[in-house]
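Enquirer:
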Amino acid sequence: MQLSTKKCLLTYTGAIMFAFGFGIMLEGISYKALPSNDLNLNAVVRAVPHWCGMLLLLLGARNFTFGLAQWKYGMNCCGSGACEVVFVNLLALVVSGCAIGMTIWGSFENLKSSTAETIAQKPDFIYLIGIWFMSMICAILALLSMFAGCLPIGSPSEEEDVIEMQQYGHDNPQFSKY
């Protein structure tokens, strides 16, 4: 994998994870505010998606800065920052799984007792679909970023060498190619 590809991948996955973390946080606020049909359900369980969204927002921002970093993350499998990329994305994977699992657990009674006609009328279901979808996308992005963080960086292609020479000529006016 080329360095530019790895940096772009980490930047874009971080930006998307940041946006979905913000969405999960907002959906979690609305989900927490709904009245619960299960009286035994702790209010903390309904607040988990909100906090998972906040954590995914922060982890997405960190992923974004991996791509913008000037030093090379993940030059080989276990050095130069690859462990940090893997750790951050492993945390994002766990947090995404927690958001999915806790929303399922928190509304299991509603889902179990619902029929096809009544499930679409419950506001819980609409929030659950949004939280599940965004959490699944964040989990997939975390896996993709972990995979990219572990791949070694290959040698630059000739095309990148030409671009580097053009940049050198642009940055150094005393350099002339004629």
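Convert by adding 1 to the 1-based position in the sequence shown; the result is the number in my numbering.
Idealized CB from N, CA, C, for every residue including glycine.
1) For residue 78, which residues of its own chain have a beta-carbon under 7 Å away from its beta-carbon, when the five flanking residues on both sides are left out?
2) For the pair the region 51-58 and the region 22-32, tell me if three or more CB-CB distances fall below 8 Å.
3) How long is the line joining the alpha carbons of residue 143 and residue 84, rounded to whole angstroms?
4) Looking at residue 86 and residue 146, is the spacing between their C-beta atoms short of 8 Å?
5) Between the beta-carbon of residue 4 and the beta-carbon of residue 67, is there less than 8 Å?
6) If you draw a straight line from the C-alpha of residue 76 to the C-alpha of residue 65, how long is it?
7) Spatial neighbours of residue 138 within its chain, please: C-beta separation below 8 Å, excluding the five flanking residues on both sides.
8) Would you mind working out which of 45, 8 and 101 sits nearest residue 130, comparing C-alpha positions?
Expert: Well, looking at it:
1) Legend: pLDDT at residue 78 = 48, less than 50; position of this residue unreliable, no value from coordinates given.
2) Enough Cβ pairs lie closer than 8 Å, so yes.
3) 14 Å
4) yes
5) No, these two residues do not count as a Cβ contact at 8 Å.
6) Confidence is the limiting factor: at residue 76 the pLDDT is only 49, short of 50, which leaves the residue's position unreliable and the question unanswerable from this model.
7) 17 and 21
8) 101
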